[in-house]
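Chemist: Below is the structure I would like to discuss, written out as structure tokens.
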Amino acid sequence: MNTFSLCLVLIIFLIDLNVISSQSVSVGGDVKPNTLVIAFLVRNKAHTLPYFLTLLENLNYPKQRIKLWIQSDHNVDNSIEILDAWLSKVSSSYSSINTHFAPSPPTEFKDEEGPTHWSESRFTHIMRLREEALMYSRETWADYLLFIDCDVFLTYPDVIQDMVSKNYPLVSPVLQSSGLYSNFWGGMTSDFYYYRSDDYESILFRKEKGCFKVPMIHSCVFIDLRYQSTDKLSYLPEKVPGYHGPHDDIITFALAANLSGIPLHVCNENTHGFVMVPLERDTPLESDESQLTNIKLEVLLTGPPLSVSESLSRFVKKSEKTSWGLSRTYLINLERRPERRKRMMDCFDVLGLEVTVLNAVDGR
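Just so we're aligned: the sequence shown equals residues -22 to -1, 1 to 342 in mature numbering (1 follows the signal peptide of the UniProt record, and there is no 0).
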């Protein structure tokens, strides 16, 4: 057989092999979506959990391909009761659920000055738990891992597919807040302090749209574990070669990514959701409920109100509407603009304010 004949036979063989391979896939039906672990830690978040869990449940990703990893401890509220109620309704829908709920007391770490104080032992605890979630995802051969805080509200149901489509090892959706806070840093100093870069507000408020390389992402982090480089990611300083940063989970993780040559990206083509601002050290937990009210109003600027699933509605505080000490408050609105009226009424519902509606007249 001459060289030409040999090449022709080889080409025919490869074509036949490709046809057989394509047929073998089609016979079995569509390829299953990749597996996803969603990991989150819960502490004193009874006020956000009904909204957070409802939005989590409504994500457009097959639940049978999702594994949940949830840990909760040191609570002074009924966070665990809410988690148990939710899991009793949805557990059969998900691929698997790994939970550890530690009863309280204790409600604080020994070196804490209060539930909003991030002491060294609290950081150590959080870093260890995040590392456990990372190792669990690797050991169970998950394709993706979503680390998310339970005061993040993913109002864009297709956010998972959106992050998958970017094909980045590490990526976060840009999240809005009631101010300039978000889930990424535009800049970081050489001694690991935050600074606001010139393009920060353009990215946050979507004046420029796309994906952007940043030094820090947190609160909602999507990891594509299929990349071998992600094997070097860690939340533990002792696992990061030459680590010389602070005792902090998000900085340790960011530096581990940097040392592994993994860029951090944020993407803002869509309004993906919202994040609450962490409370200051001496701020009472009750202030977080006021902040939740602000977030609910922010949500109404771009979409429908935050909803709560039926199984969780009993955990939402419902206050009676009042006049706020005013004689009367009026909403004057054109009947032909019902969407504006509904949005305003939704705002008044959030605020708990009684209003009287008057139909406006503009001569048409």
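Glycine included, every Cβ here is placed at the ideal spot set by N, Cα and C. This one's a predicted model, so the numbers in the text were calculated from it and none came from an experiment.
#1: Using a Cβ-Cβ cut-off of 7 Å (strictly less than) and excluding sequence neighbours within five positions of A232, which residues of its own chain qualify?
#2: Under the rule that 16 or more other beta-carbon atoms within 10 Å means buried, what is D266, buried or exposed?
#3: L203: which of I228, E317, M141 sits nearest, CA to CA?
#4: Could you tell me if G330 is buried or exposed, where buried requires 16 or more neighbouring beta carbons within 10 angstroms of its beta carbon?
#5: Alpha carbon to alpha carbon, how far is H225 from M105? Give it in angstroms, no decimals.
#6: Where D209 and L312 are concerned, what is the direct C-alpha to C-alpha distance, given to the nearest angstrom?
#7: State the DSSP-derived secondary structure class of F170, mapped to helix, strand or coil.
#8: Compute the Euclidean distance between the alpha carbons of M322 and L148, then round it to the nearest angstrom.
#9: Would you mind stating whether N161 and V244 have Cβ atoms separated by less than 9 Å?
#10: Have a look at P11, A80, Y72 and flag the residue whose alpha-carbon is nearest the alpha-carbon of N53.
#11: Between which two residues does the beta strand (DSSP E) holding I75 run?
#12: Hey, how far is the Cα of A338 from the Cα of I310?
#13: If we count the other Cβ atoms within 10 Å of its Cβ and call it buried at 16 or more, is D8 buried or exposed?
#14: Thinking C-beta only, is T133 closer than 9 Å to L284?
#15: For the alpha helix (DSSP H) that A17 lies in, which residues bound it at each end?
#16: Beta carbon of H78, beta carbon of D51: below 9 Å?
#17: On the CB-based measure, 16 or more other CB atoms within 10 Å of its CB, does W302 come out buried or exposed?
#18: Starting from L309 and walking both ways along the beta strand (DSSP E), at which residues does that stretch end?
#19: Note the first and the last residue of the continuous alpha helix (DSSP H) segment covering V277.
#20: With N324 as the anchor, note down where its beta strand (DSSP E) starts and where it stops.
#21: Please name the residue or residues paired with S150 in a DSSP beta bridge.
#22: In chain order, what residues of the same chain lie with their CB nearer than 7 Å to the CB of F200, ignoring the 5 residues before and after it?
#23: Residues in its own chain within less than 8 Å of G239 by CB, not counting five upstream and five downstream?
#24: If you check the beta carbons only, do G165 and S175 fall under 9 Å apart?
#25: Opposite N337 in the DSSP bridges: which residues?
#26: With burial defined as no fewer than 16 other Cβ atoms inside 10 Å of the residue's Cβ, what is the status of M254: buried or exposed?
#27: Report yes if the CB atom of I16 is closer than 9 Å to the CB atom of L31, and no otherwise.
#28: Got a sec? Which residues, its chain only, sit under 7 Å from K23 by beta carbon, not counting five neighbours each side?
#29: Short check: CB of L112 to CB of S212, under 9 Å?
#30: How about residue 344 and T307: are their beta carbons less than 9 Å apart?
#31: Give me, in chain order, the residues of the same chain whose beta-carbon lies closer than 6 Å to that of Q154; leave out the 5 immediate sequence neighbours on both sides.
#32: CB of V328 to nearest heavy atom of the ligand HEM: below 8 Å?
#33: Quick check: the Cα distance between K144 and D340, rounded to an integer number of angstroms?
#34: Compare the C-alpha of P28 against each of S156, D227, E298, F293 and name the closest.
#35: What residue range is occupied by the uninterrupted alpha helix (DSSP H) comprising Y205?
#36: When you compare only the Cα positions, how much space is there between V328 and P262?
Modeler: Taking the definition as stated:
#1: For A232, the CB contacts under 7 Å within the same chain, skipping 5 residues up- and downstream, are P193, M194, L242 in chain order.
#2: Buried, because 16 or more other Cβ atoms sit within 10 Å of the Cβ of D266.
#3: Residue nearest to L203 within the set I228, E317, M141 is M141 (criterion: CA-CA distance).
#4: Result: exposed.
#5: Between M105 and H225, the C-alpha separation is close to 9 Å.
#6: A direct Cα-to-Cα measurement between D209 and L312 gives close to 58 Å.
#7: Under the three-state reduction of DSSP output, F170 falls in the coil class, being neither helix nor strand.
#8: Straight-line measurement puts the Cα of L148 at about 38 Å from the Cα of M322.
#9: Result yes, Cβ atoms of N161 and V244 sit closer than 9 Å.
#10: Considering only P11, A80, Y72, the residue with the shortest C-alpha distance to N53 is A80.
#11: Residues 74 to 79.
#12: Between A338 and I310, the C-alpha separation is close to 6 Å.
#13: Result: exposed.
#14: Yes, the pair counts as a contact, with Cβ atoms nearer than the cut-off.
#15: Segment 14 to 20 is the beta strand (DSSP E) holding A17; no alpha helix (DSSP H) there.
#16: The answer is yes: Cβ separation under 9 Å.
#17: Answer is exposed; the Cβ neighbour count stays below 16.
#18: L309 -> beta strand (DSSP E) spans 308 to 311.
#19: For V277, the enclosing alpha helix (DSSP H) starts and ends at 264 to 278.
#20: The sequence as given places Asp at residue 324; Asn does not occur at that position. Judged by DSSP secondary structure, D324 falls outside any beta strand (DSSP E) and instead within the alpha helix (DSSP H) spanning 316 to 329.
#21: Per DSSP, V244.
#22: Excluding positions up to five away in sequence, the list reads Y122, L124, M141, V149, S150.
#23: Cβ neighbours of G239 beyond the five flanking positions: S207.
#24: Taking 9 Å as the Cβ cut-off, G165 and S175 qualify as a contacting pair.
#25: Paired residues: N311.
#26: It is buried - the Cβ of M254 has at least 16 other Cβ atoms within 10 Å.
#27: With contacts defined as CB atoms closer than 9 Å, I16 and L31 fail to qualify as a contacting pair.
#28: For K23, where only same-chain residues beyond five positions count, the Cβ hits under 7 Å are S57, C128, D129.
#29: Taking the C-beta atoms as reference points, S212 is found nearer than 9 Å to L112.
#30: This structure does not reach residue 344, given that the chain is present from -22 up to 342, and the question cannot be answered.
#31: Taken in chain order, the residues that qualify are F252.
#32: Ligands displayed in this structure: none; no statement on the ligand HEM is therefore possible.
#33: Here the C-alpha atom of K144 lies approximately 48 Å from the C-alpha atom of D340.
#34: With distances taken between Cα atoms, P28 lies closest to F293.
#35: No residue range can be given for Y205, since it is assigned to no alpha helix (DSSP H) and is classified by DSSP as neither H nor E.
#36: Computed Cα separation, rounded: 21 Å.
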